Structures are given as C-alpha cells and as structure tokens.
Amino acid sequence: MKAVIQNEFGDVNVLSYTDVDTPTIGDDEVLIKATYTSVNYADIQKRVGNKGKETFPLMLGLDISGVVKEVSPNSTFSVGDRVIAFPKNGSYAEYVVANEKLVFKIPDSLPFDQAAAMPTVSFLSYILLYEIGQVKKSDTIVIHSAGGGVGTMLIQLAKLAGVHKIIGTVGTLDKESYVKKLGADVVCTYETFTEEVLKETNNLGANVIFDSVAGEVTSRSLDCLAFYGTLVQFGNSSGEAGIIKTSDVHSSCRDIKGFSLGTTRELNPARLRPIAEKVIELFALNKVSIPITEVFNLNDAALAHKLIESRNYEGKVLIKI
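Residues in the sequence shown are numbered from 11 upward in steps of one, following the working numbering.
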C-alpha cells in the first residue's frame, strides 16, 4: 500500500511517499481502508522530534475516516461499516489498523471529509468544555488559538451551550471575521488579550481560559483569570513551557488543570465512547461543523505540513487518501 513515512526527525523533506506492507490485525482490532486523515499540529511536533523518542520508520497522523475491511472474531464491527478511528500506528496510509475501543461508527449522512476533520479536535473540545473546564452558562471564557481546529470546535460548543461571553485570541486580526462567525463575541490578539479580557469583565477576569499555546501566553492568562477561575492547559504549540508560580494559585483560589487526548487514548480509551456518541450526533444533526480550509493528496503531505506551520489557515487541513 502507499503511505507517508519518515526515517529521521526534521523538516518536511523527511516525509517520504512510498510503498509499505499492508498492516495485519490482531485480537480486538479492525483493518480500515482510509478515505481522509486530518493534519494536526501534533503531527508537526512529532515530525521534528518534540514529542519524545520514536521508533523509525515513523508514520504520522492521529485520526481517519474510512470503511472497515477486516475484523477479528466476535467483533462488534462488520466489514463495510463507515467509521472514524484513532489508528495505532499513524494514519498517513491507505490502510490502517485500530483497536476496536478507538473505532466509532458514523451515520451515512455524515460525509467522510467532515468525519475525518472531527475526531481529535471535537472529542478534545467536548471534554475540555464539559469535563475539565466545567463551563457554566454565566461564565466568560477565553479560547486561545481560536482560529485553529480545537478553537473552531470550542467556540461552537460553547455557543451551543449558551455561554455568556466567548473571547477568542488569534495571531493576527485577519482571522477576526472567521472567529466571530463561529460564535465568538470578542476577538483579540495575543499581544492585547489580557487588557481586553479585563475590560470586558470589569477587571474581574475570565472564569475559564483554554490554553494550547503555553509560553508567555500562559503567564499572561494568569494576569486576567478571575478568582476561583480555571486555567485549562492542553498543549504548547509555542514550543515553550508556560511558567506558573504557586503564589498565582493558592491565594486567588484558582485552578490549573491539564488534559491530553493522547494520554487518554492510551490509558483510558473507554472514556471516549460516550463522548464520541454525543459529538457524532451533533455533527449528524448539523448543530456543529468544521470548516475545511484545504484538502491535499497523500503524496502532498509535505505541502499540508507547510500550511499548518505557516499558521495561515482556518479550521482543518485534510489529506485525501
């Protein structure tokens, strides 16, 4: 089968479109013919070596949409099922293997491209909003990187939940129109968000801040987080650590919470099944959607990575298998 692999860490030139053996399934696994995979910022970090040690050859990719081609005995899935999944060894390939715990059926009404855009960002966003952030309708929330995939979903879910005020941050105000169309009430840049949040909240600060950027953004988020507020930290796209002092937390009764979808897929995959059912229903009923900015062919994976690295996109970038 055709796949994109790499044999070392580095820039987009390490990505190689080549022939590899079609994978075989084990117990409680399914073989899926992939239709689309999404490109996530985590793919960039893994490609360059910021995700720790890896075994080469390495295949990138977190999630796919596709059709089940082979099942193990007594499987709950059948050949021909339309599914989304988190494959066990990457998703930049024509065929992938996934554990049944991380495979989810989708209705015929949900197109494969939209389905592929949703697993990582929508599962993550739903958990962040309802379980980690525990956002209430009366809250003012801040969503960093509001024009990205998770930001796109968080804003829509928050709007659907009737959250009082949604403030989105972006790298440049070129994305302001896009973020406001999603449902944000206020859009500002990383340079001005602290002052904007305090102005919008009469100097009380935001109740919940969602931070996937880290670095200086984390420090500045604490400057506009309300007493008893919650900072939800779920990434470090800046490549820098966010610095938090204990004195910023205890005296103000504020929470710092962390969450990783990758860790949860590995250690507690059963937690995702009820989330998947809720999210897939929202998509099937057209209550939420993910704008797809561009679709690349598998042999153009490097171009997809360049677009992600440029930050000059809105919504999701896909690879058509």
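Backbone N, C-alpha and C define an ideal beta-carbon position, used for all residues, glycine too.
None of the values given here were measured: they were computed from a predicted structure.
{"Check": "Within 8 Å, strictly: CB atoms of A127 and I165", "Outcome": "no"}
{"Check": "7 Å Cβ shell around I142 - same chain, five flanking residues per side excluded", "Outcome": "V242, K267, F269"}
{"Check": "Where I54 sits in the DSSP three-state scheme", "Outcome": "helix"}
{"Check": "Backbone CA spacing between L170 and Q55 [nearest angstrom]", "Outcome": "31 Å"}
{"Check": "Cα-Cα separation, L192 to T47", "Outcome": "23 Å"}
{"Check": "Boundaries of the beta strand (DSSP E) in which V160 is found, first to last residue", "Outcome": "Per DSSP, V160 belongs to no beta strand (DSSP E); it is in the alpha helix (DSSP H), 159-170."}
{"Check": "Extent of the continuous beta strand (DSSP E) run through Y140", "Outcome": "Unbroken run through Y140: none, as it is neither H nor E."}
{"Check": "Beta-carbon proximity check, V207 vs I176, cutoff 8 Å", "Outcome": "no"}
{"Check": "Reduced DSSP secondary structure (H/G/I, E/B, other) of R283", "Outcome": "helix"}
{"Check": "Own chain residues within Cβ distance below 7 Å of K111, not counting five before or after", "Outcome": "P279, A280"}
{"Check": "Cβ pair S82, D37 closer than 8 Å", "Outcome": "yes"}
{"Check": "Delimiting residues of the alpha helix (DSSP H) encompassing S222", "Outcome": "Element bounds for S222: n/a, residue is neither H nor E."}
{"Check": "Run of the alpha helix (DSSP H) containing Y188, from where it starts to where it stops", "Outcome": "186-192"}
{"Check": "Cα-Cα separation between N60 and Y51, rounded to whole angstroms", "Outcome": "11 Å"}
{"Check": "Check whether V152 and F220 have beta carbons under 8 Å apart", "Outcome": "yes"}
{"Check": "R283 beta carbon near the ligand SAH (any heavy atom closer than 7 Å)", "Outcome": "Looking at this structure, you won't find the ligand SAH or any other ligand, since it has none at all."}
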